[in-house]
Structure formats: structure tokens, C-alpha cells
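Note sheet for the following structure.
2 protein chains.
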Amino acid sequence: MTIAHRALHLAARPDGDPKDSDFELRSGTLPAVQEGELRIATKFISIDPAMRVWMSEAKSYWPPVGLGDVMRASAIGEVMESKHPKFPVGMWVNGMLGVQDGLVSDGKGLRAFNPKLLPDPAWAMSIFGGTGLTAYFGLKEIGQPKAGETLVVSAASGAVGSAVVQIGKVLGMRVVGIAGGAEKCAYVTGELGADAAIDYKNEDVGKALKQHCPDGIDVYFDNVGGEILDAVLKRLRLKARIVLCGGISQYNVIGDVRGPVNYLSLISARARMEGFVIIDYLHRSDEAVAELGAWTQAGKIKSKLDLIDGLENFPTALRRVYSGANFGKQLVRL
Amino acid sequence: MTIAHRALHLAARPDGDPKDSDFELRSGTLPAVQEGELRIATKFISIDPAMRVWMSEAKSYWPPVGLGDVMRASAIGEVMESKHPKFPVGMWVNGMLGVQDGLVSDGKGLRAFNPKLLPDPAWAMSIFGGTGLTAYFGLKEIGQPKAGETLVVSAASGAVGSAVVQIGKVLGMRVVGIAGGAEKCAYVTGELGADAAIDYKNEDVGKALKQHCPDGIDVYFDNVGGEILDAVLKRLRLKARIVLCGGISQYNVIGDVRGPVNYLSLISARARMEGFVIIDYLHRSDEAVAELGAWTQAGKIKSKLDLIDGLENFPTALRRVYSGANFGKQLVRL
Numbered sequence: 001m002t003i004a005h006r007a008l009h010l011a012a013r014p015d016g017d018p019k020d021s022d023f024e025l026r027s028g029t030l031p032a033v034q035e036g037e038l039r040i041a042t043k044f045i046s047i048d049p050a051m052r053v054w055m056s057e058a059k060s061y062w063p064p065v066g067l068g069d070v071m072r073a074s075a076i077g078e079v080m081e082s083k084h085p086k087f088p089v090g091m092w093v094n095g096m097l098g099v100q101d102g103l104v105s106d107g108k109g110l111r112a113f114n115p116k117l118l119p120d121p122a123w124a125m126s127i128f129g130g131t132g133l134t135a136y137f138g139l140k141e142i143g144q145p146k147a148g149e150t151l152v153v154s155a156a157s158g159a160v161g162s163a164v165v166q167i168g169k170v171l172g173m174r175v176v177g178i179a180g181g182a183e184k185c186a187y188v189t190g191e192l193g194a195d196a197a198i199d200y201k202n203e204d205v206g207k208a209l210k211q212h213c214p215d216g217i218d219v220y221f222d223n224v225g226g227e228i229l230d231a232v233l234k235r236l237r238l239k240a241r242i243v244l245c246g247g248i249s250q251y252n253v254i255g256d257v258r259g260p261v262n263y264l265s266l267i268s269a270r271a272r273m274e275g276f277v278i279i280d281y282l283h284r285s286d287e288a289v290a291e292l293g294a295w296t297q298a299g300k301i302k303s304k305l306d307l308i309d310g311l312e313n314f315p316t317a318l319r320r321v322y323s324g325a326n327f328g329k330q331l332v333r334l
Numbered sequence: 335m336t337i338a339h340r341a342l343h344l345a346a347r348p349d350g351d352p353k354d355s356d357f358e359l360r361s362g363t364l365p366a367v368q369e370g371e372l373r374i375a376t377k378f379i380s381i382d383p384a385m386r387v388w389m390s391e392a393k394s395y396w397p398p399v400g401l402g403d404v405m406r407a408s409a410i411g412e413v414m415e416s417k418h419p420k421f422p423v424g425m426w427v428n429g430m431l432g433v434q435d436g437l438v439s440d441g442k443g444l445r446a447f448n449p450k451l452l453p454d455p456a457w458a459m460s461i462f463g464g465t466g467l468t469a470y471f472g473l474k475e476i477g478q479p480k481a482g483e484t485l486v487v488s489a490a491s492g493a494v495g496s497a498v499v500q501i502g503k504v505l506g507m508r509v510v511g512i513a514g515g516a517e518k519c520a521y522v523t524g525e526l527g528a529d530a531a532i533d534y535k536n537e538d539v540g541k542a543l544k545q546h547c548p549d550g551i552d553v554y555f556d557n558v559g560g561e562i563l564d565a566v567l568k569r570l571r572l573k574a575r576i577v578l579c580g581g582i583s584q585y586n587v588i589g590d591v592r593g594p595v596n597y598l599s600l601i602s603a604r605a606r607m608e609g610f611v612i613i614d615y616l617h618r619s620d621e622a623v624a625e626l627g628a629w630t631q632a633g634k635i636k637s638k639l640d641l642i643d644g645l646e647n648f649p650t651a652l653r654r655v656y657s658g659a660n661f662g663k664q665l666v667r668l
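The listed protein sequences derive, respectively, from chains Z and C.
Using my numbering, read the first sequence as starting at 1 and increasing by one per residue.
Using my numbering, read the second sequence as starting at 335 and increasing by one per residue.
Right under this line is the structure:
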């Protein structure tokens, strides 16, 4: 049995926004499944802001993707063929499967899950995947939230941000979400339940923060960096915590990154800015999944997906995340 | 009895480096001492980097000094006349006495000390004053130092920095000090006992950090901000802590402050940058003074003073601190 295989390989390190020509689609066949191996058909590929970093030569928590290698990606898929005792045919698995329509794996790094327990199997890539775990541990462990405190979340309609907004509300915080455009802002206050939303495309973020956070900001969950981080730094409360989950507005900058010019506010506010990477908390996934599952069943956590079909549309999906065109967790569906 | 009085008043908010014309020297007489009051003759005035912030309209942990007001300063002096039960004539006191040769006080905010217990009364303004307490609590509370870890200290020959270097060594750390010029670097390794010194005026700080901190930096005590902070950010170890004690290189900048462009390294290193102000720890002064006193008596902590005579030379002394011309704790002696 010959199984056709298509994969997107990294062809060039991007200069600014990732281009189609930074990738090469290669077709071929998969090797036969050997003893102790399994074959997976990829179903959904997660688009994550950190991908731009993996494509570059920058030092990160993972090594750069090598030129010519299959692009790294978290994905879920179904076991189609198996000679591995732990992963029978029909099981669904989650792992760093890469941007490809299938693969033969030895099972290392794979986690099984039951898609029937989720509202949609793709939620394994959002609330119950790295996205939800990032929101959960980033807010709880680094943000140290307390009921009654004011939480500001950037990219609040995005995958991680929307989860942070909802978790913040469950924990009794006053939540202000920042998003781009009236539609996303309406979603942040309406569907997600934030107390207020700020439209960074049409409002002065500094003024709006002053209005919506009159007593200052206790926790800022930063998904974007840039000017919004600077506006927040000006309005910190004493002992505020900034969770640095990414700097998406800075990932694609050619030349100088924009450093937070108001960082000295950390001194007057005795505040903390701390970096966070979800892989440090993966060993505690069960704890998060249990709590997120209970909140989901109680209707307190929702997840919006933004699906694009077809492996060849991966670069388009990636650019949507950096431009903010996506609305909900961006996935490629195969 | 009429007591002559001279004081330096803030005449203008400085534009860049503080100028002589930003201050006005006013002469007059002190009021008579009333019941519950005392008269102090100022002996030493502390020059602190934060003074530039107090002179501006910037939000800080203290309100701006009002135009026309006596310039704020920490100082020590001797009680010359007293109708206050707690502060008899001959006692020495420490407090925010301002840039003036004397004052009549109601005693609020004053702390008495015994100058005979110190190598020099002026040490009450260095190791046993805000300077030493800043080094002690900043390193211990925010830096969370562990024996064997690598500590980098900027402005290492300066007042706070030299204390941090020595405390770091007492705590068993590997200490690398950054200072300007061969003489100061020799002092940092020789007198202060640092394991290595980097001359930022004549060396590439990034390369030198790579050489002297081959395994990365665990704790950075930042007195300066600017390019040195960025060089450090590139070489953080996992879970590193940056103590933001000031941004002296940025205080006098006209226009845009330079934000740390490498701040996203906090994410890959899961590191923390935290602001610190000594006034939060003043209620724990005794604890620090006891430990610093023991270390001083054991010869493990030294303090170098840089004295300038005369109230009218306060602006010169202040500029010396910003230009790095001072060598040791800068004081004005009256």
C-alpha cells in the first residue's frame, strides 16, 4: 500500500511577513509502517504566532526550523494504521506533527485524546490545546490574579486572548479586552463577557485605558508588545504583573524591534514583567484540562475557530494571524 | 538668636542635564525653634540618581519637587538646638532634610543614629543609608540570589553598585561588574572583590559578557538601563531575574527614552524584570543594618565616598553622578 504524502518545507527565512515563496510544497509517498510505529492522517494544523520565530534564526525555546525541513506545527490527526501498542487505529492524537497531511511516527511526543468529549475535535487545538493551556497557566502562574483586580488583555478576540478574557471573568476579575475593529470588540464584551473593550484601530488606547481602568491595571496579559504595551506601562497599579506571552507586533519587524520605552514605570509601580513559555507547564496539563473542562461544561468558556482549508493555504493562514485578519483560533483544516 | 540659612530652590525643570540655572540659592534666616521642634545643622547631603526624576514632572514614587521649593534630598546632620524630647542637642539624624545648610524640624521622618559606631559618620549616607539598603533589599528580595549563580552589576564602582558587588560575593555568587574606565574596573575586581570587570567605555559589553558569563546571567542588578541592559538581555539564563533599580542613562534623555529592544528575550528565558523602590523596605531597615554591620565589621564590605564641599556645588555634584565622573558615593559636605 503506497500512501501519498504532501508537506510544506521551509525554503527561505522570511524577511518581514512570511511569503508563499518562503515555503515549498513537496509531494511524495510515506514509508511503510514498521513495528512500533503508526501512521497519522493530519486533520487540523494550529497556526501559532511563535511560528515566525521558529522560521528565523533567532534564539528561542525551540531551535530554528532548518532550511529544507518540514515546517514545525502543532496539529491533531487520526491514527490510520498502527503497529504501536499505545496508539490503535481510530485514535486521535495531538503533537508536533508538522505542516503535512500525514506522517509515520514512533509515537514519541504524541498525546491521545477523545474527540467525542469535546464540542468539536478542533477544540483540542484551542481551549484544550496549547492555546488554552497558555491562557490558563500564563494568567494563573505568572499573572497571579486576584478577584476584584483589573485585568487587561491584548489581542482579546484572538485564540489565547479570548481564553484569557473568559478565565479572568471566571476568576472574578474586572476584564478589559483590546481588539481591532468594532466587530471584534462587540465579540469581546458580548460573547466573551469582558467588562469593556478597546478598539485599538479606532481609539487612543492610552486614553481608553485611563477611562476603563481608572484605578490602574493589576495584570496585563501581553500578546502583542509594541505601542499597546507602552500604553499599559503608563497605567500600572502598584505591584502589577505583566505576562509576556509574545510580541506578535514585533515578530515581523525588519530591523530594530521597538523596545518598551515606558519600561521605567516598572520601577515606580514596583511592577514585574515576566516571560512565559507553555512548554514549562505541559507536565501539568491534566490540572488545566480538568478545570477548563468543568468551566466549558458550565458554559463559561467558549472557543471560536477560524478555519482555512488546504495545506497549500498555510502561508495565507499564517499571515492572517500577523495582520489580525483572523477571528478566533486560526487553524488549517485538511 | 538669629540663625543664617541658605537653601537651594528648584528654579526650573531641567531640559537634559541639570544646569546651575535650574536652581536658585536663597539666603535668609531660620525661624525660632518652638516647643516640639529642633534645629539641625546639615553635615552631608546625598546625591541620588532619582533626583533628576524628582526635578521633572514625571510620575514617580514621590511627587515632583514644586518649582520654588527647596530641592529634595536625603541628608544627615547634627541637632544644634532642641525643644523636642526625642532629639536632644548633639544627636545625629538622618532624613529628607533637603539641599540646605540647616532647618527647623518637628522631628517627623527623622531617624537618629550614632556616628561613633560607623567608620565615618558619612557612611550613614552610603552603606548604612538608602544606598546600602537599596543594594541589600534589591539584591536579596528582587534578585533572589543563590550561591554559585552569576550576578552582573552595572555602575559597579558606584554607590549602590559597589555595595551590590560586595553583598553578592558575601552570598557566594560569581560577580561580574561593569564600570567605565580602567581605574574603576581595577577597583571593582581589586577592592570590591568581583570575579571580573567589564570596561564599558573601552570594551564591547556584549562580547565581554559572553566571555565572562559563559553559562549566562542569573541575576542582573540594573542601575543604568540603555545599551547595557540590552546586552544583558541577550545572555539571560533560564529563570533569570533583572532588578530594575534605576535607568540612570535614560533619566536625562531629551525626547524618547530608549526601550530595551531585546526585551522579548524575557520570554525565551522565562525571565523576570522587576522594579524596586527602597521606600517599600524602610520598615525593615534594622534587619539590613544588622547584617551589613556584621559584614562591615568582618571587613567584607567597604564604602568609598566622593565628597564635594559647599551647598552651591550641589548642581556640579549632581552632574558628576549622571556623567559617571564620581568615584564612590557622591556627597556634598557642608
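Even for Gly, the Cβ is constructed at its ideal location relative to N, Cα and C.
Please read all numbers here as calculations on a predicted model, not as lab measurements.
Query, Result
"Contact set for P121 (chain Z): own chain, Cβ-Cβ below 8 Å, skip 5 residues either direction", "K43, F44, I76, W92, P115"
"Start-to-end residues for the alpha helix (DSSP H) that takes in A186 (chain Z)", "182-190"
"Run of the alpha helix (DSSP H) containing G324 (chain Z), from where it starts to where it stops", "Note, G324 (chain Z): premise wrong, no alpha helix (DSSP H); not H, not E."
"Contact check, E415 (chain C) vs V367 (chain C), beta carbons under 8 Å", "yes"
"Rounded C-alpha distance that separates H5 (chain Z) from S56 (chain Z)", "26 Å"
"Interface partners of V261 (chain Z) on chain C, CB under 8 Å", "D590, V591, R592, G593"
"Closest Cα partner of L437 (chain C) within the set C:V487, C:P594, C:P365, C:F648", "C:P365"
"Contact list for the stretch 349-368 of chain C against chain Z, Cβ threshold 9 Å", "none"
"Chain Z residues whose Cβ lies nearer than 8 Å to that of V611 (chain C)", "I267, S268, R270"
"Range of the contiguous beta strand (DSSP E) that encloses E415 (chain C)", "409-416"
"is_contact[D280 (chain Z), chain C] using C-beta, thresh 8 Å", "yes"
"CB of A73 (chain Z) within 8 Å of CB of G328 (chain Z), strictly", "no"
"Check whether F421 (chain C) and L372 (chain C) have beta carbons under 8 Å apart", "yes"
"Euclidean distance between Cα positions of W295 (chain Z) and D286 (chain Z)", "14 Å"
"Per-residue contacts from M607 (chain C) into chain Z (C-beta, under 8 Å)", "Y263, L266, R272, M273, E274"
"Partner residues on chain C for L244 (chain Z), Cβ-Cβ distance less than 7 Å", "L600, I601"
"Residue range of the alpha helix (DSSP H) that includes E291 (chain Z)", "285-297"
"7 Å Cβ shell around G107 (chain Z) - same chain, five flanking residues per side excluded", "L38, H84, K86, F87"
"Segments assigned alpha helix (DSSP H), at least 4 residues, entirely inside the stretch 146-174 of chain Z", "159-170"
"M607 (chain C) - containing beta strand (DSSP E), residue span", "606-609"
"Contact belief for L652 (chain C) with P352 (chain C) at Cβ below 8 Å, rounded distance in angstroms", "5 Å"
"C-beta contact flag for V176 (chain Z) and A163 (chain Z) at 8 Å", "no"
"Inter-residue spacing [alpha-carbon to alpha-carbon] between L151 (chain Z) and S105 (chain Z)", "42 Å"
"CB of R272 (chain Z) within 8 Å of CB of I242 (chain Z), strictly", "yes"
"A12 (chain Z), DSSP secondary structure in three states", "coil"
"DSSP bridge partner residues for A375 (chain C) (one or two, in chain order)", "C:E412, C:G436"
"C-beta contact flag for D199 (chain Z) and G181 (chain Z) at 8 Å", "yes"
"Residue range of the unbroken alpha helix (DSSP H) whose run includes Y136 (chain Z)", "130-137"
"Per DSSP, the bridge partner or partners of A112 (chain Z)", "Z:V93"
"Contacts around V655 (chain C), its chain only, beta-carbon distance under 7 Å, and the 5 residues preceding and following it disregarded", "I381, P383, Q664"
"Cβ pair I127 (chain Z), I301 (chain Z) closer than 8 Å", "yes"
"Member of C:Q631, C:L342, C:L359 whose CA lies at the smallest distance from the CA of P453 (chain C)", "C:Q631"
"Chain-order list of residues whose beta-carbon lies under 6 Å from that of I588 (chain C) (same chain, five-residue window excluded)", "Confidence in I588 (chain C) is poor, its pLDDT being 49 and thus under 50, which makes the residue's placement too unreliable to answer from."
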